[in-house]
Each structure stands twice: as structure tokens, then as C-alpha cells.
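Have a look at the structure below before the remarks.
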Amino acid sequence: MAEQAYAYIDRTAGQVFHVLTDYTLAQREARDRVIEYRGEHEGGYPVADQRQLIIYTGQRIEKDNYPIPLYIQAAIDALG
278 MAEQAYAYID RTAGQVFHVL TDYTLAQREA RDRVIEYRGE HEGGYPVADQ
328 RQLIIYTGQR IEKDNYPIPL YIQAAIDALG
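Under my numbering, residues 278 to 357 are what the sequence shown spells out, in order.
Structure below.
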């Protein structure tokens with residue numbers, strides 16, 4: 278889905294990057310800031326090449342060692 282969404286980093290120790298369409302929920306779950314996000318997403322995570330990416334921002338790694346696309350990295354940097 279490419280509709281308007283909101284990105285944030287959650288409060289867990291892994292500092293996971295999430296994307297939601299519900300701004301209020303994103304604010305409630307965010308560790309700190311919430312930003313607008315217009316990229317593909319599904320189930321609370323960004324999507325690249327038709328796959329959900331679970332990104333641990335504290336360690337700058339993706340769960341399955343998939344490379345983090347630059348536009349998603351830019352969103353993570355904007356939240357940092």
C-alpha cells in the first residue's frame with residue numbers, strides 16, 4: 278500500500294522501525310517522533326521488493342539480512 282502513512286521507531290530494546298496508517302496509534306507506540314511516510318508498507322512494516330522488512334534500527338540491521346533501501350534508511354535517519 279502506498280497511501281499516506283506514518284513511520285516511527287518503537288519503544289522495544291530492538292528499536293524496530295514501523296509504518297502505520299493510523300497517526301494516533303503511531304504516536305502512542307512511538308519511542309519519540311513520528312514522521313510522514315509514503316512508501317510501500319504492510320502489516321506495520323515497510324515493504325521493499327514485495328517483502329516486509331523488519332528493521333532493528335538500534336543495530337542498523339534487517340531481520341533476514343536484507344539490504345535496507347536508501348529511502349527507508351533516510352526515514353530512519355529522520356527519526357534519529
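Just so you know, even glycine gets a beta-carbon here, dropped at the ideal spot from N, CA and C.
None of the values given here were measured: they were computed from a predicted structure.
By a beta-carbon distance limit of 8 Å, Glu317 contacts Val324. Their separation comes to about 4 Å. In this structure, DSSP gives Ile312 an extended state, which the three-state scheme calls strand. Under the DSSP assignment, Leu297 falls in the beta strand (DSSP E) whose first and last residues are 294–297. DSSP places Tyr343 in no alpha helix (DSSP H); its state is neither H nor E. The C-beta of Tyr285 has 16 or more other C-beta atoms within 10 Å across all chains shown, which makes the residue buried. According to DSSP, Arg288 shares a beta bridge with no other residue.
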